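Numbering (my numbering), first residue to last: 5 to 743. Ideal placement from N, C-alpha and C gives every residue a C-beta, glycine not left out. In this text the structure is predicted, and so the values were computed from the model without any measurement. A quick write-up on the structure given underneath.
Below, the structure written as structure tokens:
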């Protein structure tokens, strides 16, 4: 299975126990003579469907009724109560069962058609209370080892649905010697793989630090946690497209340590246990930070003021030094944070006070704007990115990917492929994490892997493509710029940039291929322009003396580029012609209008030729006429250019940009010319009405222009940008991009 599609194939819905139809095939029950099972099941089903749980409790006076299937999936009333997270009803139903009896255990082990027990559902909804009640009533932990049809234990279900408290509780009562039996399901997916796949990053970090053996465990497709994280670009900042104001909000939030992250995640539940590096649970009672969210926000607002005042008297320095000496063995990151604070406070008191004052201002702004949905969304995005970085660092610290045993296994697999081509599909493992991260544009992971394991620069996939070839093929500018900077620092060797794949394609051959996505620029012409710029950018980045060879098809990079972009050249030419045709007609109308305006002077201007208004009228008429004339010339030049491939590099985009610029200037100057001419007619009468009409006219034109200007600014950005970028966001009306 491909790492890019693995996340899409994960399913985690709760079983559909919302169908309250009676279970069709009832077998004989021990108490069938005195109780018609079908009638009771019908009453139970109808009461549960209507949400009349008190009636359900009254019906289930006999304990054997708790074992009667009442849904299409063969679920009992216990399944339904657990599924709907009805803790009070569930406990009342359990009171009818005798604690520790074999019959009670069999009732609680009852599976529906999907193999789920009530404990599976209790774990799925994250109810520690129901989980505890089930284990306590059964007086046995054998329920923890029961698997559903997918091979998932209740512990696995808790992880799959992201319930940290339920996981920690079930984990605490599992036998330590048998805990590894609860880690996997049928396809060898581990709890860590599923937690990362479902983006439960806080829970992923907890699992990772408790059970480091899961770092190197993969499923049947060879997918390890690091592979999976590398296939999630949205988990990192480099993979997110934030608008300019979202970037400001993003950087205004400072997450200083992991303790703040855990507090952020536990806002809704203040008693959630915290997990340290060693995987042991602890609480924050001693820290004084276990406060409700609004109290904690006030505390964070006041804290910088206190530190600013204390830094003036140098109290903070002494406290920081004392804090470093008292190392917390259960929380070593606190000691590290204290050391960082001490270094920060080595500044002069006035500098430190200014720094903390700025921090106070940011906190105040956050307190004001944090209730806004956008601010909360951006904050949670940054929290998610911080979790991902922590998980990535932990995975890389404990991975055995580049140890000798792993390298030898890889060599054996490669030898097996060469020996028997038939076995290729059976051992077709995913590419190395650094290659997956490069394809997805995750610069954080690429940089960290090369920093820890420099040998990773030589990794190749099944097509013999290394990190440079894949980065160029998938057109990831940020990753390629990172690789160039590492080459300048002599971290990455020049030979990595000159490798070829199994088809003989060099870096330039792959740069010449057409992108499988749309660059963030409007119109096919700009797409073609950036395709050319990407190819030239890669070509100019190669060392002097690099001679691209022919690939196995006998093609040069230029030939590959021409062949792959034939359709885009036609599409871009059609877009330019249709756009220029429409704009030239309107610009031609402006030429005739402005010419008539410039030659026909309004009444009253003859005697006021030297007034400011007459000068404005003359100047605006001149600018309007010649700018509209220039726009017509530019659009006609595009229509007669032929739209050749090389023209998309500079000539056509600049002509279009210049034509649109002249056209917009013509519109603005025509409006000014009309206003000044109108002023001469009504300057002695209806001054208020005319002034109001001018303001309304300008506002209307401005508002309508706002829908068109994004296209113009986007074209200008695309034309002036030297290196193509994968990310840019602007709202462009769809009708402007239609042919």
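Residue j beta carbon less than 8 angstroms from that of residue i
i, j, result
"residue 85", "residue 101", "no"
"residue 135", "residue 174", "yes"
"residue 389", "residue 240", "yes"
"residue 89", "residue 219", "no"
"residue 512", "residue 481", "no"
"residue 133", "residue 155", "no"
"residue 634", "residue 655", "no"
"residue 456", "residue 437", "no"
"residue 664", "residue 716", "yes"
"residue 118", "residue 152", "yes"
"residue 242", "residue 492", "no"
"residue 224", "residue 191", "yes"
"residue 233", "residue 396", "yes"
"residue 657", "residue 531", "no"
"residue 472", "residue 487", "yes"
"residue 445", "residue 730", "yes"
"residue 381", "residue 254", "no"
Spatial distance of residue i from residue j (CA atoms)
i, j, result
"residue 517", "residue 474", "12 angstroms"
"residue 562", "residue 244", "33 angstroms"
"residue 465", "residue 504", "12 angstroms"
"residue 122", "residue 710", "58 angstroms"
"residue 104", "residue 128", "24 angstroms"
"residue 440", "residue 231", "7 angstroms"
"residue 63", "residue 94", "14 angstroms"
"residue 542", "residue 653", "15 angstroms"
"residue 404", "residue 434", "16 angstroms"
"residue 212", "residue 124", "22 angstroms"
"residue 621", "residue 670", "14 angstroms"
"residue 674", "residue 659", "22 angstroms"
"residue 462", "residue 496", "9 angstroms"
"residue 626", "residue 575", "37 angstroms"
Three-state secondary structure (DSSP) of residue i
i, result
"residue 121", "coil"
"residue 80", "coil"
"residue 188", "strand"
"residue 598", "helix"
"residue 517", "coil"
"residue 75", "coil"
"residue 696", "helix"
"residue 566", "helix"
"residue 194", "strand"
"residue 139", "helix"
"residue 457", "coil"
"residue 551", "coil"
"residue 481", "helix"
"residue 246", "coil"
"residue 145", "coil"
"residue 225", "coil"
Cβ neighbour criterion (16 or more within 10 Å) applied to residue i
i, result
"residue 526", "buried"
"residue 596", "exposed"
"residue 187", "buried"
"residue 707", "exposed"
"residue 120", "buried"
"residue 507", "exposed"
"residue 494", "exposed"
"residue 700", "exposed"
"residue 252", "exposed"
"residue 569", "buried"
"residue 411", "Caution applies to residue 411, whose pLDDT of 45 falls short of 50 and renders its modelled position unreliable; the model cannot decide the point."
"residue 258", "exposed"
Close Cβ partners of residue i (< 8 angstroms) along its chain, the five nearest in sequence each way excluded
i, result
"residue 52", "24, 60, 74, 81, 84"
"residue 643", "581, 584, 585, 588"
"residue 498", "491, 547"
"residue 200", "208, 229, 232, 233, 236, 395"
Chain-order list of residues whose beta-carbon lies under 6 angstroms from that of residue i (same chain, five-residue window excluded)
i, result
"residue 509", "555"
"residue 221", "194"
"residue 676", "624"
"residue 564", "513, 516"
"residue 226", "433, 434"
Close beta carbons around residue i, own chain, < 7 angstroms, minus the five adjacent residues each side
i, result
"residue 538", "479, 515, 728"
"residue 661", "719, 720, 723"
"residue 205", "388, 391, 392, 395"
"residue 590", "none"
"residue 459", "406"
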